[in-house]
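Inspection log for the structure reproduced underneath, given as structure tokens.
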Amino acid sequence: MRVLVTGAAGFIGYHLSRRLLARGDVVVGVDNLNDYYDVSLKEARVQKLREMPQFWFVKADIADQTAMDAAFASGRFDAIVNLAAQAGVRYSLQNPRAYIDANVAGFMNVLEGARDHGTGHLVFASTSSVYGINTALPFSESQNTDHPISLYAATKKANESMAHAYAHLFNIPCTGLRFFTVYGPWGRPDMALFKFTKGILAGEPIPVFNQGKMVRDFTYVDDIVEGIVRVIDQPARSDPSWRGNDPAAATSSAPWRIFNIGNHQRVELMSYIRAIEKATGRQAMLEMLPMQAGDVVATEADTSALEQATGFKPNTSVEEGIARFVEWYRDFYQV
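Following numbering that gives the first Met the number 0, the numbering of the sequence shown begins with 0 at its first residue and continues without gaps.
This is how it looks when you write it as structure tokens:
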């Protein structure tokens with residue numbers, strides 16, 4: 000297959016690109032290498048990808064219409080995986096316009112590219128954050144997602160709606176994937192595991208929000224990638240049982256669908272920190288802080304739809320995943 004991966008220098012994009020290349024696909028990776036976090040980490044990921052045959056890198060911003068037109072004009076793609084986005088709930092309170100540029104205008108350029116040049120399947124990243132103030136766990140794709148509590152979540156909800164419109168109007172197969180708290184080697188420095196590991200190894204206090212009374216469905220990156228790859232190979236189709244007078248939330252009369260990808264496990268934040276302590280052999284110094292605006296107290300994914308459609312259920316334990324991250328972190332940063 001010939002696959003366009005946007006955000007290829009990012010955490011998930013890097014791992015997905017490696018997996019696709021390893022199975023023999025041709026990957027065109029697009030990334031703007033912005034400075035939201037350490038650019039050298041992104042460059043290191045790209046360098047690793049360049050070592051593999053059949054990888055082409057295009058430095059471009061998906062919000063740049065001219066650059067994206069040129070990328071799409073290079074040839075028809077069998078699949079597009081849009082992972083380029085401005086991520087982070089808390090940062091969306093500080094720099095909201097970055098989310099509109101990347102997640103709305105940028106995604107529009109991806110949709111237009113798929114429309115103008117054709118594609119076998121458009122797969123795009125959404126997020127568990129779209130469930131907003133919903134508290135009915137586990138989160139199911141059938142639940143209402145009309146109450147986001149961060150602009151980040153709102154832009155991802157917009158992506159789902161925009162993709163549905165294009166699927167309906169232009170018959171573009173579109174699948175949205177709601178990721179649940181992804182972690183693992185080569186992870187983002189702004190995420191909890193990276194910050195906690197860095198702080199613990201440096202003997203510095205780590206920030207623990209809501210006094211540690213948080214629950215997350217932590218999902219190992221290899222499980223996320225496995226789910227993406229299986230979805231790529233099964234383009235969305237119209238649901239013949241879908242009815243407009245009783246509309247299902249995750250399927251459609253158009254070739255469009257939504258899946259959760261999570262570990263289907265509730266892990267308390269303090270248990271997560273204890274697993275990092277075990278992997279590092281160090282005790283954490285905790286800086287207990289109040290709840291942050293835009294955060295939710297708990298998440299957990301119902302992954303039954305993904306399992307039924309693809310035969311895959313994420314299953315990497317937090318202890319195993321954290322150990323792998325700490326091993327990578329120590330090697331990469333020579334700690």
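We put the beta carbon where it would ideally sit given N, CA and C, even for glycine. Note that the coordinates shown come from a computational prediction; the quantities given were computed from them, not determined experimentally.
### Message
Whether or not the segment 304-319 and the segment 228-243 are in contact is what I'm after, with contact meaning three or more pairs of Cβ atoms, one per stretch, closer than 8 Å; do they touch?
### Response
Enough Cβ pairs lie closer than 8 Å, so yes.
#### Entry: Distance, ALA278 Cα to TRP345 Cα
No answer is possible for residue 345: it lies beyond the span of the chain, which begins at 0 and ends at 334.
### Query
In this structure, does DSSP put ARG286 in helix, strand or coil?
Correcting the residue identity first, residue 286 is Glu in this sequence and not Arg. Strand.
### Task
Report all residues from its chain with a CB closer than 7 Å to the CB of GLY87; omit the five preceding and five following residues, and keep chain order.
TYR151 and ASP189
### Residues that DSSP places opposite GLY175 in a beta bridge
PHE123 and ILE257
### Message
Quick check on this structure: which residue in VAL26, LEU268, LEU305 and GLN85 has the alpha carbon closest to the alpha carbon of PHE195?
### Response
LEU268
### Task
Give the straight-line distance between the Cα atoms of LYS58 and GLY320, rounded to the nearest whole angstrom.
31 Å
### Query
CB-CB under 6 Å to VAL25, same chain, minus the five flanking residues each way: which ones, in chain order?
ARG1 and GLN53
### Message
As an exercise, report each continuous beta strand (DSSP E) stretch of at least 3 residues that is fully enclosed by the segment 6-33, in chain order.
### Response
Entirely contained in the segment 6-33, the beta strand (DSSP E) runs reaching 3 residues are, in chain order, 25-30.
### Query
First and last residue of the beta strand (DSSP E) that includes ASN81?
78-81
#### Entry: the segment 41-49 touching the segment 62-82, judged by at least three CB pairs closer than 8 Å
Touching, no, given that fewer than three Cβ pairs across the two stretches are closer than 8 Å.
### Query
If you run the structure through DSSP and keep just helix, strand and coil, what is PHE56?
strand
### Message
What would DSSP say about THR335, mapped onto helix, strand or coil?
### Response
Only positions 0 to 334 of the chain appear in the structure, and residue 335 is not among them; the question remains open.
### contact_flag[the segment 169-188, the segment 240-258] where n(CB pairs < 8 Å) is 3 or more
With contact defined as three or more Cβ pairs closer than 8 Å, the segment 169-188 and the segment 240-258 are in contact.
### Query
In terms of DSSP beta bridges, what is VAL181 paired with?
THR218
### For THR118: DSSP bridge partner residues
PHE76
### Query
If you drop the 5 nearest sequence neighbours on each side, which residues of the same chain put their C-beta closer than 7 Å to that of LEU335?
Since the first residue of the chain shown is 0 and the last is 334, residue 335 is not available in this structure.
### Message
Just to confirm the assignment, what range does the beta strand (DSSP E) spanning ILE61 have?
### Response
Note, ILE61: premise wrong, no beta strand (DSSP E); not H, not E.
#### Entry: First through last residue of the alpha helix (DSSP H) which encompasses VAL129
Annotation: VAL129 is outside any alpha helix (DSSP H) and is labelled neither H nor E by DSSP.
### Task
On the DSSP bridge assignment, give the partners of ILE205 in chain order.
LEU285
#### Entry: Cβ-Cβ separation, THR154 to ILE223 (assumed contact under 8 Å), whole Å
Wrong, their Cβ atoms sit about 20 Å apart, outside the cutoff.
### Query
If you draw a straight line from the alpha carbon of ASP60 to that of ASN133, how long is it in whole angstroms?
33 Å
### Query
If you draw a straight line from the C-alpha of THR118 to the C-alpha of ALA191, how long is it?
36 Å
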